[in-house]
Amino acid sequence: MGKSGKSKKKKLKVLIAASECAPFVKVGGLADVVGSLPKALEKINVDVRVVIPYYKEVQSSKFKVQSCNSKFKVKFGRAEEVGVYESRLPGSEVPIYFLENQKYLSGGGVYFSKDAFVSSQEEIRRFAFFSKAVVEFIKVSERKPDVVHCNDWHTGLVPGLIKSSKLGHSATVFTIHNLANQGFAELSILKNLNSITPESELIRWDAEDDNLDLMLQGVTAADVVSTVSPSYAKEILTPEFGEGLHQVLKAREARLFGILNGIDYQIWNPEMDQKIEFNYGLKEGPAGKVGNKIYLQKELGLTVNPEVPLIGVVTRLAEQKGIDILLEALKGILAFGAQLVILGVGDPKIEKELRIKNEELREKGSFKAIIRFDEELAHRIYAASDLFLMPSKFEPCGLVQIIAMRYGALPIVRETGGLKDTVEDAKTGFVFREYSAEALLEVVERAAGRFGVENIEFRQMISRAMQADFSWERSAGEYLQLYQRALEYKNLQSA
Ligand code: GLC
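For the sequence shown, position 317 (counting from the first letter as 1) is numbered 317 according to our numbering, and the numbering increases by one without interruption.
Shown next as structure tokens:
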């Protein structure tokens, strides 16, 4: 029941399936994409809806979610009942559906392990069940989507399940947000997936190494595959970034596209942001940030001094994010007279190392790691920081460097994936190539050397960064083309 209905052209119906969607439930950047891309698609007249599991966390949240009074059965070993709940993406009319099942979807946390790259079989079963439930949900819905847009391994079984079901009308798009996490299922799961036939050639081939790779299933079964930046789309065709799937991806190269993520500029706007102490915009530039910087220095117990460069880091604490070289370079960075603030949670080993650093460096007043998930503090860090560090080993897109630019914190990034596609060296930030503590130190020295609220070059860079446009409006049109492509491919196949 979209409100427009004005256009004569038939609206394309899209269902986006994923494991997370902000603001309802967020662990990483995937949630931001699933929570904001649909709003931009709605604006270009796509009838778009979202479906995610009805986690306990969502049930006990402040969001208003209503029962649709509809239930259906999913055969997963035994027949399981699934309930449907509904809400809207805040600030839009986009419907979001939540699928509820106590046994598989609605107990425990969102993911079951803290290590983002090793999924337990419990977690795999959750999302295999979810994938099957999504397909059954489509079957019982009146509205049949033209395109089902799946995201990461959690929904990797959906394209194959759609093909082997009677849902011939839906084309499928599979988006890779992070190839490093693929979801390896024990083969015993096959007995629960009876509509994906174990005789299928693809399944047999995948199963040769005694597991099913749910990411691989999505990549091979979808009509069209995409990833979240043009550079990462090229990188994953190489052994270095392909995580064992580069040859499979190469074979599908003609159907593989890279579309850069955007951010929601309604949420990320330093002029209006309620979560920061002092609002500012392009007009004020770096001067507008000083109050926020002093506020954060006080809040975190750092030496209060607006004259020293403050470097922010907001990240998942995972190997991917380059925390190892950051820790190696830490003392050197502080020796330049800079302050460094890290906010994040993740790998317990990294969390522990950061706690030790907090102790070691307590007296200095120039370093603070805050080990928790804190969206509000993240806003204050973007607003306060002069520089923003992201030394990732690999980065499919990365959103925080884009947010940092909007807040006039110049990103220091490694030249990889989406970082390479969004930050221009010496124009909107600082870019380094080699993955090493030495290269990192060199670039931080270069950036800290430029710092100075009165420095004209620095001010110009900030102004350019704040004006860079990475809104979803840019990329939503590309997704629409991708959906149309998927339909063409599907029609070719069924012709
Ligand atoms: C994953 C990737 C990140 C990307 C995000 C959203 O978290 O690691 O680079 O921005 O997904 O697509």
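Using N, Cα and C, we set each Cβ at its ideal position, and we do this for glycine too.
Remark: the C-beta of P38 is outside contact range of ligand 1, defined as less than 7 Å to any heavy atom. Taking a C-beta distance under 8 Å as the contact criterion, Q320 and S392 qualify as a contact pair. In this structure, I44 keeps its C-beta atom at 8 Å or more from the C-beta atom of C21.
With 16 or more other CB atoms across the displayed protein chains lying within 10 angstroms of its CB, I236 is buried. By the neighbour-count criterion, in which a residue is buried when 16 or more other Cβ atoms sit within 10 angstroms of its Cβ, A79 is exposed. DSSP, read as helix, strand or coil, puts T422 in helix.
Using a Cβ-Cβ distance cut-off of 8 Å, the region 406-416 and the region 426-446 are in contact, since at least three pairs of beta carbons, one from each stretch, lie closer than that value. If the five residues before and after D425 are omitted, its C-beta is found closer than 7 Å to the C-beta atoms of V431, all from its own chain and listed in chain order. Ranking A171, A180, D213, L167 by CA distance to the CA of I189 puts D213 first.
According to the DSSP secondary-structure assignment, H149 is paired through a beta bridge with I16, V173.
DSSP places S164 in the helix class (H, G or I) of the three-state scheme. The alpha carbon of Q481 has as its nearest neighbour, out of L41, G301, Q59, the alpha carbon of L41.
In the DSSP assignment, N491 falls within the alpha helix (DSSP H) that extends over 472-494. By the Cβ rule, the region 96-114 does not count as touching the region 437-453, because fewer than three pairs are nearer than 8 Å. DSSP, read as helix, strand or coil, puts V94 in coil. The nearest non-hydrogen atom of ligand 1 is less than 7 Å from the C-beta of G28. The DSSP-derived three-state label of T227 is strand.
Check the Cα spacing between G262 and each of D47, R316, F470: the tightest is with F470. About 6 Å separates the beta carbon of Y382 from that of A404, a gap short enough to meet the 8 Å contact definition. Nearest Cα to G242 within the set R485, F394, L492: F394. Going by C-alpha positions, L326 is about 52 Å away from E142. Closest by C-alpha distance to L89, out of L105, V65, N101, is V65. As a beta-bridge residue in DSSP terms, N211 pairs with E186. Nearest neighbour of V82 by Cα position, chosen from Q401, A133, A329, turns out to be A133.
Minimum Cα-Cα distance from A409 among the listed residues E438, A448, I323 corresponds to A448.
Note on geometry: alpha-carbon atoms of R49 and I124 lie some 24 Å from one another.
About 6 Å separates the beta carbons of L354 and I371, which is inside the 8 Å limit, making them a contact pair. Pairwise C-beta distances place the region 474-491 out of contact with the region 337-357, as fewer than three of them are shorter than 8 Å. In the three-state reduction of the DSSP assignment, V314 falls in the strand class, which pools E and B. In chain order, F112 place their CB closer than 6 Å to the CB of E122, counting only its own chain and leaving out the 5 sequence neighbours on each side.
Each residue's CA atom was taken as its position, placing T238 and H246 some 6 Å apart. Annotation: D264 is outside any alpha helix (DSSP H) and is labelled neither H nor E by DSSP. Ranked by how close their Cα comes to the Cα of I16, the residues N292, R464, D146, G160 have D146 in first place. G244 is classed as exposed because its beta carbon has fewer than 16 other beta carbons within 10 Å across all chains shown. Between E351 and L317, the CB-CB gap stays under 8 Å. Boundaries cannot be given for E454, as no beta strand (DSSP E) includes it and DSSP labels it neither H nor E.
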